[in-house]
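Asker: The sequence shown runs 0 to 136 under numbering that gives the first Met the number 0.
Sharing a structure, written as structure tokens. Questions coming.
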Amino acid sequence: MRTSRLALPAALAAGLAFVSCFEPAVREELHLRFLANGAVVVTSTVLLAGPELQSNPALERRLAETRRDILEGRDPWGTRFAALEPAAERSSWEKRLGELHKASRDAVLAEPESLARFFGDTSLTVTYEVFAEEVVA
0 MRTSRLALPA
10 ALAAGLAFVS
20 CFEPAVREEL
30 HLRFLANGAV
40 VVTSTVLLAG
50 PELQSNPALE
60 RRLAETRRDI
70 LEGRDPWGTR
80 FAALEPAAER
90 SSWEKRLGEL
100 HKASRDAVLA
110 EPESLARFFG
120 DTSLTVTYEV
130 FAEEVVA
């Protein structure tokens with residue numbers, strides 16, 4: 000009886016350990032920071048898995064294609080940033096053992112309304128409103 004009580008928690012713990020070790024092959028992040036002067040800073044980051052996750056040919060092809068598109072500016076984020084007319088911009092990438100591991104793009108937009116063009120290829124609708132501060136008495 001005691002063995003069966005311990006078997007289930009041990010099996011669950013082993014299963015959770017397996018699930019928690021999974022890392023996606025491509026991880027994308029987008030940050031929008033609205034500044035007090037009305038400008039907005041847009042930052043996108045793409046992290047690509049290293050060789051440890053390239054266990055099958057289909058995944059290897061997908062990652063190679065994604066790397067190539069990013070370096071050539073043909074990835075979705077590259078296209079979105081190209082549609083902007085930023086006041087300032089920066090892009091960088093990090094390679095490990097000759098392969099692209101991380102790509103980042105930043106742009107400062109003087110007018111937040113420019114975000115509508117940035118998200119133009121998505122199903123998002125962008126509106127931007129500034130409300131006057133209310134003074135609490």
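Each residue gets a CB set at the ideal place from its N, CA and C atoms; glycine is no exception.
Applying the 10 Å Cβ sphere with the 16-neighbour rule, what's the burial state of residue 129?
Answerer: Sequence index remark: in the sequence shown, residue 129 carries index 130 (1-based). With fewer than 16 other Cβ atoms within 10 Å, it is exposed.
Asker: Flag this pair as touching only if the segment 112-122 and the segment 60-74 have three or more C-beta atom pairs under 8 angstroms; answer yes or no.
Answerer: Touching, no.
Asker: Under the assumption that residue 93 contacts residue 101 (Cβ atoms under 8 angstroms), give the Cβ distance between them as a whole number of angstroms.
Answerer: As a working note, residue 93 is residue 94 in the sequence shown. As a working note, residue 101 is residue 102 in the sequence shown. Yes, they are in contact, since the Cβ atoms of residue 93 and residue 101 sit about 4 angstroms apart, within 8 angstroms.
Asker: Nearest CA to the CA of residue 22: which residue from 110, 46, 33 and 32?
Answerer: Counted from its first residue, the sequence shown places residue 22 at position 23. Residue 22 has its Cα closest to that of 46, out of 110, 46, 33 and 32.
Asker: Going by beta-carbon coordinates alone, are residue 41 and residue 33 separated by less than 8 angstroms?
Answerer: One-based indexing of the sequence shown puts residue 41 at position 42. One-based indexing of the sequence shown puts residue 33 at position 34. No, Cβ-Cβ distance for residue 41 and residue 33 is not below 8 angstroms.
Asker: Would you mind sorting residue 91 into buried or exposed? The rule is 16 or more other CB atoms within 10 Å of its CB.
Answerer: Within the sequence shown, the letter at position 92 stands for residue 91. Per the 10 Å Cβ criterion, exposed.
Asker: Following the continuous beta strand (DSSP E) through residue 78, name the residue where it begins and the one where it ends.
Answerer: As a working note, residue 78 is residue 79 in the sequence shown. Residue 78 -> not in any beta strand (DSSP E); alpha helix (DSSP H) instead, spanning 75-81.
Asker: Go ahead and pull the three-state DSSP assignment for residue 65.
Answerer: Position 66 of the sequence shown holds residue 65. Correct three-state label for residue 65: helix.
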